[in-house]
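Chains as they are written, first to last, in this note's numbering: chain E, 1 to 141; chain C, 1001 to 1141; chain A, 2001 to 2141.
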């Protein structure tokens, strides 16, 4: 399934962008609930957990996009897109867990790391294969 | 106007990257003005507003890039690029407003959200159309 | 050396994504060392410097990716990729310097800025050339 434009990667990226926007929205709701006025980012523990949960998502989002697109373009678009969907689920688990209790962020966090490592391995294999093919004229399959 | 390389999207992305760098620069200037030494990120209210205004830009920047490129590639490059220019203007309004007074961030913020929603709708339509075309062999126009 | 897929840019992006993940990991280790429990981001000075060093990397990462890819696609992939490698080295110098002492972040920081400006100039020239070629049918070489 080679396509002109990687529509599956685009669809998953768009979904993840909406999810990131939704996390930011929930920080806004948490501000209102706990009366934490901007620019302050400190307050009740629940607000601080919500804020940090979103911030962790922000820190990892460009990393996610890089491994998603490279694994999808250089290795396999369908598997990368499924990995991307799993990442969004893991991010949601992380966020929902974290706002309840700091420790409850961990299952989602481990899943986030697993998905990112999986996509990184895919991306690395894809790049090595493409490199061999392009610069050394070796075809692996 | 289909092009080999999406030069308009690239131009707007480069401009937005320069603008993001400029926001970071202004946080640095605010540090000097208010004598807030790194790694501290707390201090006089004006510095904290400046810092948060930039941080909000950082949080949304990858989201912006995702919807800009997907709407531009899968829907219409010229309209997406114009939306991108509007986003940079909105970001500047948000930043300038915020450093003056917390409430004054709001007009720019609403404009940021409107542009992002507009680009998201464009991107969604483009992906749906491309999906129908590619996997179901349906052509909408 | 025009290629079907920009494998050098992809390789450098993947490397930089791994490096960003590694910086996040070292903030986690610093949390353990200094017993700073999430969601807190304040504590001993060394922890706060480590956290801010990573945060600065997060702020600049999308800017870096934008100028890396645009300079690589619209100007010269090999030179852009070498610039990207230099950026990763500069980021590491910044991080390692910063966790030792605030002032020691500066050499790495200046190098980060130099690389970003260099890639920005390349990207700008590439876009101008591509723009002239595409819309005005002017070929510069």
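Virtual Cβ for every residue (Gly too), placed ideally from N, Cα, C.
Query raised in the report: Buried or exposed: which applies to residue 2029 (chain A), given that a residue is buried once 16 or more other Cβ atoms fall within 10 Å of its Cβ?
Result: Locating residue 2029 (chain A) in the third chain gives position 29, where the first residue counts as 1. With fewer than 16 Cβ atoms within 10 Å of its Cβ, residue 2029 (chain A) is classed as exposed.
Query raised in the report: Comparing alpha-carbon positions, which option in C:1015, C:1138, C:1132 and C:1136 lies nearest residue 1068 (chain C)?
Result: In the second chain, residue 1068 (chain C) corresponds to position 68, counting from 1. Of C:1015, C:1138, C:1132 and C:1136, the residue nearest in Cα terms is C:1015.
Query raised in the report: Taking only beta-carbon atoms, is residue 1087 (chain C) less than 8 Å away from chain A?
Result: As a first step, residue 1087 (chain C) must be located in the second chain, where it is residue number 87. Judged by the 8 Å Cβ criterion, residue 1087 (chain C) is not in contact with chain A.
Query raised in the report: Listing by chain order, which chain E residues have their CB less than 8 Å from the CB of residue 1074 (chain C)?
Result: Within the second chain, residue 1074 (chain C) is the residue found at index 74, counting from 1. Within chain E, the residues near residue 1074 (chain C) are 5, 7 and 10.
Query raised in the report: Is it a yes or a no for the stretch 1058-1078 of chain C touching the stretch 1123-1132 of chain C, going by three-plus beta-carbon pairs under 8 Å?
Result: yes
**Report entry** For residue 1137 (chain C) and residue 1019 (chain C), the rounded distance between their alpha carbons
**Finding:** On the second chain, residue 1019 (chain C) is found 19 positions in, with the first residue counted as 1. On the second chain, residue 1137 (chain C) is found 137 positions in, with the first residue counted as 1. Answer to the nearest angstrom: the Cα atoms are 41 Å apart.
Query raised in the report: Taking 8 Å as the CB-CB limit, is residue 2123 (chain A) close to chain E?
Result: Locating residue 2123 (chain A) in the third chain gives position 123, where the first residue counts as 1. No, its Cβ sits nowhere closer than 8 Å to a Cβ of chain E.
**Report entry** Contacts of residue 1061 (chain C) in chain A (Cβ-Cβ under 7 Å)
**Finding:** As a first step, residue 1061 (chain C) must be located in the second chain, where it is residue number 61. Under the 7 Å cutoff, chain A gives 2062.
Requested in this report: Please go through the same chain and pick out, in chain order, the residues whose beta-carbon is closer than 6 Å to the beta-carbon of residue 2127 (chain A), but skip the five residues on each side of it.
Outcome: Start at 1 with the first residue of the third chain, and residue 2127 (chain A) comes out as number 127. Hits under 6 Å: 2074.
Requested in this report: Please name the residue in C:1119, C:1021 and C:1131 whose C-alpha comes closest to that of residue 17 (chain E).
Outcome: Locating residue 17 (chain E) in the first chain gives position 17, counting from the first residue. The residue with the shortest Cα to Cα distance from residue 17 (chain E) is C:1119.
Query raised in the report: Does DSSP put residue 2103 (chain A) in a helix, a strand or coil?
Result: Translated into the one-based positions of the third chain, residue 2103 (chain A) becomes position 103. Correct three-state label for residue 2103 (chain A): helix.
Requested in this report: Return the residue from the list E:99, E:100, E:96 and E:91 that minimises the CA-CA distance to residue 144 (chain E).
Outcome: Because chain E is modelled from 1 through 141, residue 144 (chain E) falls outside the range shown and cannot be assessed.
Query raised in the report: Along the chain, where does the alpha helix (DSSP H) that runs through residue 34 (chain E) open and close?
Result: Within the first chain, residue 34 (chain E) is the residue found at index 34, counting from 1. Residue 34 (chain E) -> no alpha helix (DSSP H), and no H or E assigned at all.
Query - Sufficient close CB pairs (3 or more, under 8 Å) joining the stretch 99-114 of chain E to the stretch 43-59 of chain E - result: yes
Query raised in the report: Using DSSP with H/G/I as helix, E/B as strand and the rest coil, what is residue 1081 (chain C)?
Result: Here residue 1081 (chain C) refers to the residue found at position 81 when the second chain is read from its first residue. Of the three classes helix, strand and coil, the one that applies to residue 1081 (chain C) here is helix, per DSSP.
Requested in this report: Report yes if the CB atom of residue 2012 (chain A) is closer than 8 Å to the CB atom of residue 2084 (chain A), and no otherwise.
Outcome: Position 12 of the third chain, counted from the start, is the residue given in the question as residue 2012 (chain A). Position 84 of the third chain, counted from the start, is the residue given in the question as residue 2084 (chain A). Yes, they are a contact pair.
Report task. Return yes when the Cβ of residue 5 (chain E) is within less than 8 Å of the Cβ of residue 1040 (chain C), no when it is not. Result -> Taking the second chain and counting its residues from 1, one reaches residue 1040 (chain C) at position 40. Taking the first chain and counting its residues from 1, one reaches residue 5 (chain E) at position 5. Taking 8 Å as the Cβ cut-off, residue 1040 (chain C) and residue 5 (chain E) do not qualify as a contacting pair.
Query raised in the report: Can you tell which of C:1077, C:1089, C:1042 and C:1135 has the C-alpha that lies nearest to the C-alpha of residue 1115 (chain C)?
Result: The count along the second chain starts at 1 and reaches residue 1115 (chain C) at position 115. Closest option to residue 1115 (chain C), Cα to Cα, is C:1089.
Query raised in the report: Can you find a C-beta in chain A that's less than 8 Å from the C-beta of residue 1021 (chain C)?
Result: Within the second chain, residue 1021 (chain C) is the residue found at index 21, counting from 1. So, interface residue.
Query - Where residue 1022 (chain C) falls, given that 16 or more other Cβ within 10 Å makes a residue buried - result: The count along the second chain starts at 1 and reaches residue 1022 (chain C) at position 22. With fewer than 16 other Cβ atoms within 10 Å, it is exposed.
Query raised in the report: Cβ atoms of residue 1059 (chain C) and residue 24 (chain E): under 8 Å apart, would you say?
Result: Within the first chain, the letter at position 24 stands for residue 24 (chain E). Within the second chain, the letter at position 59 stands for residue 1059 (chain C). Against a cut-off of 8 Å, the Cβ pair of residue 1059 (chain C) and residue 24 (chain E) comes out as a contact.
Query raised in the report: Got a sec, what are the start and stop residues for the alpha helix (DSSP H) residue 50 (chain E) sits in?
Result: Taking the first residue of the first chain as position 1, residue 50 (chain E) is located at position 50. Element bounds for residue 50 (chain E): 45-74.
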